[in-house]
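Which chain is which? The protein sequence lines are A and B, in order.
By the count of the numbering used here, the first sequence reaches residue 1169 at its end, each step adding exactly one.
By the count of the numbering used here, the second sequence reaches residue 195 at its end, each step adding exactly one.
Idealized CB from N, CA, C, for every residue including glycine.
First up is the structure itself, then whatever we jot down about it.
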Amino acid sequence: MSDFHYSDDQLNAFVDDEMAANERLEILSAAAGSDSLRARIVELQYLKESTRNAFPLHTERPTTSRPSRGLFTRYLAAAAIGGLSLFAVLASTGHIQATREPVLVTLNNTPSSSQQTRVVFHISSDRQQDASLLLDQVELVMQEHQSNGRPIRLEVVANNQGLRMLQQGRSPVAERIRQLHAVYPQLIFAACGNTLERMTQETGEKIDILPEAIIIRSGVSYITRRQQIGWSYIKV
Amino acid sequence: MKILSRGLMTLILIAGLFGGQAVMAEAKAPHKIVIQVSTDEPRTQQIALNNAVNLQKALGQDNVVIEIVAYGPGLGMLTSTSPQGERISSLAMQDIQFSACGNTMKGVEKKTGKMPVLLDGVKVVEAGVLRIMELQEQGYAYVRP
């Protein structure tokens, strides 16, 4: 449970390589022993990379200090910036109607938003019929996309009583999740860590999560972030 | 580094200009809302219809596009045996679109041997869940009563 101690800010600093060496080491060693911490770090890294890909100019990574460029390059850059600004002004006032569209297309043309379907499913009840309906829907969507060769990222988040769907020895659909996961290994089942912690405290029972599932810190904030970056959302 | 940051500022400037325009264009476009019905609870189904009617009233019929998608146990709301039948047929004539999940209908047919009969004004979509995903990708707001 150690990863509950790390805030998103800390993990962001880790991902951005802005941490002191000893802090970094501490998080690395904690991550080595925690699936959920690893999942959070990978998720942040993914967010960061996909945001960076959305804006091609950002991809130039200023890793090493560049050799100083000549005066000429500077003039060229200044001229280019001037030209771009002029272009921006003209375009915004409607003077360059014809060329405006292609610019927008390049800005928006990220693979994640235009080609790949991204959807997060949410379950918060422990009724078996809800779990079954959810898995029916998941299977349908995966099949449909696979048969049409359309790329998809699909995640299932379980919180509150919905956590039971991912609980070992309690889930009425454990076998089906195992099969689905075998057919579609990219499918993600995520259990809410907050719920897990609270349930463990309240009931005193030891709750194990299915091996196919990962543990995330907060189901709700995870879903919110997904929706913010354009994922579709289905609540069962 | 300086050049890079200047380039970045220009990009932000351009993005700002276009962004402003996009927002302005968006304000003129109607609101788009998809309402999901996936339960057979009559109360929830009723709330879904109330939501649609109230949204239409609040935003004005011409300023909002509403689609109610029913699948799974929620399909019953859109069939001939629905207790809400009359209300739904009349709402369908007032620009509220009702979409029934074709996949669920096939499932019912397999189970009972009979294809469910839909109410007047109800459209069939391939799969309710795919329809809801597609609408969200088109910018519809998602409501699940």
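Given B:L109 as reference, the closest of B:R181, B:K156, B:R194 and B:H81 once Cα atoms are compared: B:H81
Which residues, in chain order, does the stretch 146-168 of chain B contribute to contact with chain A at a C-beta distance below 8 Å? N153
Considering only residues of the stretch 115-183 of chain B, which uninterrupted beta strand (DSSP E) runs meet the minimum length of 3 residues and lie entirely inside it, listed in chain order? 146-151 and 172-175
In chain order, which continuous runs of the beta strand (DSSP E) of length 3 or greater are located wholly inside the stretch 1032-1118 of chain A? 1050-1056 and 1085-1091
Less than 8 Å between the C-beta atoms of A:I1140 and A:A1123, yes or no? For A:I1140 and A:A1123, no; Cβs fall outside 8 Å.
Limits of the unbroken beta strand (DSSP E) element including B:Q86: H81 to V87
Express the C-alpha separation of A:K981 and A:L990 in angstroms, rounding to a whole number. Because the pLDDT of A:L990 is 45, which lies under 50, any placement of that residue in the model is unreliable, and the number read from its coordinates should be weighed accordingly. Roughly 14 Å between the two C-alpha positions.
Distance between A:T1157 and B:Q96 (C-alpha atoms, nearest Å): 27 Å
Quick check on A:V1153: does DSSP put it in helix, strand or coil? A:V1153 falls in the helix class under three-state DSSP.
What is the rounded straight-line gap between the Cα of A:L1067 and the Cα of A:I1056? 8 Å
Smallest Cα separation from A:G1102: which of A:Y979, A:L1143 and A:A1115? A:L1143
Quick check: the stretch 133-142 of chain B against the stretch 175-193 of chain B, are at least 3 beta-carbon pairs closer than 8 Å? no
Cα-Cα separation, B:T94 to A:L958: 51 Å
To the nearest angstrom, how far is the alpha carbon of A:R971 from that of A:R1159? 18 Å
Taking only beta-carbon atoms, is A:Y1117 less than 8 Å away from chain B? no
Strictly below 8 Å CB to CB, what residues from chain A border B:M183? T1050, V1052, V1074, S1165 and I1167
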